[in-house]
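Notes to accompany the following structure.
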Amino acid sequence: MKLELTKKQYRRLLDMVYIGNWILNSTRGDDRFADYDEVESLLFSKAAEEGMPSLAELWQGEVVPSRAFVDGGIHEAIMEYENNVFFEILAEDLARRDMDDPPIDETNYDELNRRIDGYMAEFEEHGTDNILIDADLP
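In structure tokens, the structure reads:
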């Protein structure tokens with residue numbers, strides 16, 4: 053297969069590959085999806101050829117994203133995504149809990165969304181500051 057990209061497109065592809073592999077493998081410990089690591093390594097191995105040698109380095113015999121790449125802001129994008137997803141999932145979980153977790157259909161879909169919107173408004177204004185638990189719980 054031959055794929056032709058501009059340098060800018062290639063650089064964006066490196067970002068996307070890194071983000072995708074991070075999502076798939078960052079929490080897996082030793083049980084990583086090795087085939088995704090291999091694709092990441094293959095794509096980053098071309099960085100020097102494309103005039104971007106600072107984006108990749110050799111680590112334990114594998115080409116990996118360099119420390120400069122990892123520290124260059126990509127994790128801020130990942131953290132923004134994780135932060136948004138966290139609040140969206142939390143809002144939906146709390147809304148479903150408030151409704152006693154019924155199956156969602158056309159009869160309660162609007163109520164679920166209204167509750168989610170309420171939680172999202174709370175989180176946007178106060179984050180998690182107003183989420184409390186009873187410390188006396190077992």
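Just so we're aligned, residue 53 is where the sequence shown starts under the numbering used here, counting upward by one. Even glycine gets a Cβ: it sits at the ideal position worked out from N, Cα and C.
Other residues of its chain near residue i: CB distance less than 7 Å, five sequence neighbours each side excluded
i: isoleucine 168; result: Ala143, Glu144, Ala147
i: phenylalanine 85; result: Leu76, Asn77
Residue i: first and last residue of the uninterrupted alpha helix (DSSP H) it sits in
i: valine 91; result: 86–97
i: aspartate 169; result: 161–178
Cβ neighbours of residue i in the same chain (closer than 8 Å, five flanking residues each side left out)
i: tyrosine 88; result: Gly72, Asn73, Leu76, Asn77
For residue j and residue i, the rounded distance between their alpha carbons
i: tyrosine 62; j: leucine 95; result: 9 Å
i: aspartate 153; j: isoleucine 141; result: 14 Å
i: valine 122; j: alanine 99; result: 14 Å
i: asparagine 135; j: aspartate 181; result: 15 Å
Residue i - containing beta strand (DSSP E), residue span
i: tyrosine 114; result: Sequence inspection shows glutamate at residue 114; the tyrosine mentioned does not correspond to that position. Run containing glutamate 114: 114–117, per the beta strand (DSSP E) assignment.
i: leucine 65; result: Leucine 65 -> not in any beta strand (DSSP E); alpha helix (DSSP H) instead, spanning 59–77.
i: alanine 108; result: 108–111
Same chain only: Cβ atoms within 6 Å of residue i, ignoring 5 sequence neighbours per side
i: valine 115; result: Ser93, Phe96, Ser97, Ala108
i: phenylalanine 139; result: Phe175
i: methionine 151; result: none
Integer Cβ distance of residue i from residue j, believed to fall under 8 Å
i: lysine 59; j: glutamate 102; result: 6 Å
i: proline 7; j: tyrosine 70; result: The question about residue 7 has no answer here: the residues shown for the chain are numbered 53 through 190.
i: leucine 65; j: leucine 57; result: 6 Å
### Given 8 Å, three or more beta-carbon pairs between the region 106–113 and the region 150–165
no
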